[in-house]
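Working notes for the structure below.
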Amino acid sequence: MEHGVKYRNMWGQVGLMIITLGLYSIYWFYQTATELKFLNKDPNANPALWTVLLFIPFGAIYSWYKYTGLYELESTDHLNRWILFLLWIVFVPAVWFIVQTELNRRATWGFPTPR
Numbered sequence: 001m002e003h004g005v006k007y008r009n010m011w012g013q014v015g016l017m018i019i020t021l022g023l024y025s026i027y028w029f030y031q032t033a034t035e036l037k038f039l040n041k042d043p044n045a046n047p048a049l050w051t052v053l054l055f056i057p058f059g060a061i062y063s064w065y066k067y068t069g070l071y072e073l074e075s076t077d078h079l080n081r082w083i084l085f086l087l088w089i090v091f092v093p094a095v096w097f098i099v100q101t102e103l104n105r106r107a108t109w110g111f112p113t114p115r
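Numbering (full-length UniProt numbering), first residue to last: 1 to 115.
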């Protein structure tokens, strides 16, 4: 886990999502939120709380909003947080693909923070 980000095989994750009947997505959310917190050096980000809030209807919306905010700051393509947030509501696999692709890029190449 160089650069504070772990490379995750995309097809392996699809397999884990199927085998665990989607439970892997909760683990994935927590781990990637923790990595985004590390990359942003944001002391106020709370991935554990956001993960718990996923089980509360309006709490999940808050979690997605905070998560997309961290991703927007770290994204090399500067994807707008609102686009990612709407994708989370409409088509979750797209969010997974976008976020994991960026994190894998960071894990492999160790891009500097785009600030």
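Ideal placement from N, C-alpha and C gives every residue a C-beta, glycine not left out.
Quick caveat, the model's predicted, so the values are computed rather than measured.
For residue i, which three-state DSSP category applies?
i      : result
Asn40  : helix
Glu2   : Confidence at Glu2 is low in this model, with a pLDDT of 46, below 50, so the placement of that residue is unreliable and no value is reported for it.
Leu84  : helix
Leu23  : coil
Arg106 : helix
Phe29  : helix
Gly12  : helix
Ile56  : coil
Leu73  : helix
Ala94  : helix
Leu49  : helix
Tyr7   : coil
Ignore the nearest five residues each way along the sequence and tell me which others in residue i's own chain have a CB closer than 8 Å to its CB.
i      : result
Thr34  : Pro47
Thr108 : Tyr7
Leu87  : Ala94, Val95 and Ile98
Residues in the same chain with beta-carbon distance under 7 Å from residue i, minus the five sequence neighbours each way, listed in chain order, please.
i     : result
Ser75 : Glu102
For the candidate residues the options, whose alpha-carbon lies nearest to that of residue i?
i     : options                       : result
Tyr71 : Asn40, Leu54 and Leu23        : Asn40
Val52 : Trp64, Pro43, Asp42 and Asn44 : Trp64
Phe55 : Leu79, Lys66, Gly12 and Ile26 : Ile26
Pro57 : Gln13, Leu23, Ile89 and Ile18 : Ile89
Is the shortest distance between the beta-carbon of residue i and the beta-carbons of chain C less than 8 Å?
i      : result
Thr101 : Here chain C cannot be found, since the structure has a single protein chain.
Apart from the five residues just before and just after residue i, which ones in its own chain have a Cβ nearer than 6 Å to its Cβ?
i    : result
Val5 : Glu35, Leu103, Arg106 and Ala107
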